[in-house]
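For what it's worth, my numbering labels the leading residue of the sequence shown as -9, then goes sequentially. Cβ coordinates follow ideal geometry from the N, Cα and C atoms, glycine included. Written out below as C-alpha cells is the structure these notes cover.
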Amino acid sequence: MHAPLLARSRRTRRTPFTDRVTAAGVKAYTVYNHMLLPAVFRSVEEDYHHLKSAVQLWDVACERQIELRGPDAERLLQMTSPRDLSRMATDQCYYVPIVDVNGGMINDPIVLKLAADRFWVSIADSDLMYYYKGLAGGFGMDVQVSEPDISPLAIQGPKADILVERLFGKDIRET
C-alpha cells in the first residue's frame, strides 16, 4: 500500500527546510497552518519507536507565530481571551486560550510578551491571524498583525539532551 500523494500548490507553503527533509527521505507530508509538515520517514510505527528510543530533528516550521504590535496589541489579545493578561511581564510566556464571542475555543496558543506593545502568539493549526486582522480592522485598533519570519526546528527524544549538550556545550544545561 502506498501513501496518497499530496498535491503541492501555492496555498501550501514549503518550509526553509523542505528540500533537506525531502533529500533525507521523507515519505509523506501533512499540512499544518498551510505549510508542509513531514509526517513519515520509514513507517509510522518505526518512526514512533525510534522517537521513543533515540533522538530526532524535526522540521516544525509550520508552528507559526502571529505578531501583534502597536498601542492596541494587548487590548486586542485581551478581548479574545478570558485569561487576565494585565500582570504579564515582558519576556514572560502565558498559556492563553483564544475564544469566540460564545466562549468557544478557537486556538490555545502560548503567548510571549516581547514589549508592552509587542506579542508573539504561537498558534496551533488555525487561521487565527485572519480573526485578529478582522477584529483589529472592525474596531479601528492601532495594531499591526503580521507573521514574523520564524522557522523553528525541534530536537526530540530521550537522547535529545545528550545531542544538544554535544552541539552547544555543557553550559546549555545552565540556561
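Euclidean distance between Cα positions of residue i and residue j
| i | j | result |
| --- | --- | --- |
| M(-9) | A18 | Unreliable positioning characterises M(-9) in this predicted model, as indicated by a pLDDT of 47, which lies under 50. A coordinate reading is not provided. |
| R3 | L26 | 6 Å |
| V101 | V16 | 31 Å |
| S71 | M131 | 17 Å |
| R32 | D81 | 39 Å |
| R1 | G93 | 30 Å |
| V91 | L75 | 18 Å |
| D37 | L(-5) | 19 Å |
| E164 | R156 | 14 Å |
| S141 | E35 | 27 Å |
| S136 | A(-3) | 27 Å |
| K160 | D139 | 29 Å |
| P28 | T20 | 6 Å |
| A63 | I152 | 39 Å |
| Y120 | Q68 | 16 Å |
| F158 | H39 | 26 Å |
Contact check, residue i vs residue j, beta carbons under 9 Å
| i | j | result |
| --- | --- | --- |
| K42 | G128 | no |
| D49 | F7 | yes |
| I96 | V89 | yes |
| G60 | D107 | yes |
| T5 | C52 | yes |
| Y22 | D115 | yes |
| R73 | I113 | no |
Neighbourhood of residue i by C-beta, 7 Å cutoff - its chain only, sequence neighbours within 5 removed
| i | result |
| --- | --- |
| L66 | L58, Y122, L125, A126, M131, V133 |
| M78 | Y84, K103 |
| A105 | T80 |
| I162 | V154, E155 |
| H24 | R1, T2, R3 |
Close-in-space but distant-in-sequence residues of the same chain around residue i (CB under 6 Å, 5 per side omitted)
| i | result |
| --- | --- |
| V111 | I56, P99, V101 |
| C83 | I100, L102 |
| A144 | W48, V50 |
| A150 | V45 |
| S(-1) | none |
Residue i - partner residues in DSSP beta bridges
| i | result |
| --- | --- |
| R10 | Its beta-bridge partners do not exist; DSSP assigns none. |
| V89 | M95 |
| L153 | In the DSSP output, where bridge partners are listed per residue, L153 has none listed. |
| I145 | L47 |
| R3 | M25 |
Beta-carbon contacts of residue i that lie in its chain and below 8 Å, excluding the five residues immediately before and after
| i | result |
| --- | --- |
| A14 | F31 |
- Within the region 16 to 78, note down every full beta strand (DSSP E) run reaching 3 residues or more, in order along the chain. 18 to 22, 25 to 30, 46 to 49, 55 to 59
- Message: My parser needs the beta strand (DSSP E) runs of 3 or more residues fully inside the region 94 to 138; what are they?
- Response: 95 to 97, 100 to 105, 108 to 112, 134 to 136
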